[in-house]
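Only one structure is covered here, and it is reproduced in the block below.
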Amino acid sequence: MSVSLIQQAVDAYEDPLVGENLPASTLRGVLSAYPVVWLQFLRHLGCIYCKGLVTDIRDFLAQWTDRAPFLVFVHPNTLEEGQRFFQVYYPGAAHIADPTLRLYRLFRVRRASLLSEIHPRNLLRGLTLLRRGFTNEKPTADPWILHATFLFHEGNLIWSYYARRLSDVPTWRRLF
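Per our numbering, the sequence shown starts with residue 2, numbered consecutively.
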């Protein structure tokens with residue numbers, strides 16, 4: 002997906018956001034509220050990979066003392082489900098509920114295929130997450146949605162990453 006197409010879509014999106022701990026009520030406002038905004042799209046909140054991802058991001062950002070990006074999660078669940086999830090995995094996190102998947106479509110977040118579901122790396126990551134105490138629950142939203150990561154600088158998209166499989170995440174240390 003080209004940066005300019007996403008930027009045009011963001012600029013055209015005027016619907017109010019449903020979320021918690023957001024610095025603004027519109028997408029444009031959220032993405033330009035801080036110098037650097039990290040927009041992280043998640044799988045459904047019952048997903049073991051989603052729980053591990055959120056915890057890993059929380060721990061990664063806890064190492065920062067300055068210059069940390071403002072992090073906003075987007076999830077395909079209801080606001081109430083998101084509130085319960087983030088109370089456990091990342092208290093105080095900013096998050097947007099998108100159960101209709103409008104933002105997912107706007108950002109062209111990929112969907113998993115059956116082949117990507119059975120990838121060996123998913124099994125390895127899943128076993129690691131089980132050892133860390135995470136569990137997989139019944140899907141509470143679309144189970145085929147994958148993760149995606151977007152980085153904005155002064156409201157402009159500067160970097161994006163689309164997961165290719167359930168366990169796929171970028172190497173964030175290279176970003177900052």
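Glycine is no exception: its CB is placed at the ideal position from the N, C-alpha and C atoms.
Does the beta-carbon distance from Y90 to S168 come in below 8 Å? As a first step, residue 90 is located in the sequence shown; it is residue number 89 there, counting from the start. As a first step, residue 168 is located in the sequence shown; it is residue number 167 there, counting from the start. Contact check for Y90 against S168 fails: the beta carbons are separated by 8 Å or more.
Can you say whether R132 is buried or exposed, counting buried as having 16 or more other CB atoms within 10 angstroms of its CB? Against the sequence shown, residue 132 aligns to sequence position 131. Per the 10 Å Cβ criterion, exposed.
By alpha-carbon positions, which one of G156, A164, R165, P36 ends up nearest to I7? Position 6 of the sequence shown holds residue 7. For the residues G156, A164, R165, P36, the minimum Cα distance to I7 belongs to G156.
Got a sec, what are the start and stop residues for the alpha helix (DSSP H) F151 sits in? Here residue 151 is taken as the residue at index 150 of the sequence shown, counted from 1. It is not in any alpha helix (DSSP H) - F151 instead sits in the beta strand (DSSP E) that spans 149-154.
Can you tell me which residues form a DSSP beta bridge with G20? What you label residue 20 is simply residue 19 of the sequence shown in a count that begins at 1. I97, per the DSSP bridge assignment.
N- and C-terminal bounds of the alpha helix (DSSP H) containing L6: The sequence position of residue 6 within the sequence shown is 5, counting from 1. First-last of the alpha helix (DSSP H) with L6: 4-13.
With a cut-off of 8 Å, do at least 3 Cβ pairs link the stretch 137-144 to the stretch 63-75? Too few Cβ pairs lie closer than 8 Å, so no.
Can you give me the start and stop residues for the beta strand (DSSP E) that Q179 sits inside? Look at the range of the chain in this structure, 2 to 177, and you will see that residue 179 is not part of it.
Distance, L80 Cα to D143 Cα: As a position in the sequence shown, residue 143 is number 142, starting the count at 1. As a position in the sequence shown, residue 80 is number 79, starting the count at 1. Going from the Cα of D143 to the Cα of L80 covers about 15 Å.
R112 versus L32: straight-line alpha-carbon distance, rounded: Your numbering for residue 112 matches position 111 in the sequence shown. Your numbering for residue 32 matches position 31 in the sequence shown. Computed Cα separation, rounded: 24 Å.
Does the Cβ of Q41 have 16 or more other Cβ atoms within 10 Å, making it buried, or fewer, making it exposed? As a working note, residue 41 is residue 40 in the sequence shown. Q41 should be labelled buried.
Could you check the C-alpha separation between C48 and S5 for me, to the nearest Å? In the sequence shown, the residue the question calls residue 48 occupies position 47. In the sequence shown, the residue the question calls residue 5 occupies position 4. When rounded, the distance between both Cα atoms is 31 Å.
Given L1, which residues of its chain have a CB within under 8 Å of its CB, disregarding the five upstream and five downstream residues? Here the chain comprises residues numbered 2 to 177, so residue 1 is not present and cannot be evaluated.
Any heavy atom of the ligand COA inside 7 Å of the beta-carbon of D57? This structure lacks the ligand COA; in fact it carries no ligand of any kind.
Other residues of its chain near P24: CB distance less than 8 Å, five sequence neighbours each side excluded: On the sequence shown, position 23 is the one that residue 24 refers to. Counting only Cβ-Cβ distances below 8 Å, and skipping sequence neighbours, we find G30, V31, A34, Y35, F71, A95.
Among the candidates G83, Y162, P77, whose CA atom is the shortest distance from the CA of N22? Translated into positions along the sequence shown, residue 22 becomes position 21. Ranking G83, Y162, P77 by Cα distance to N22 puts G83 first.
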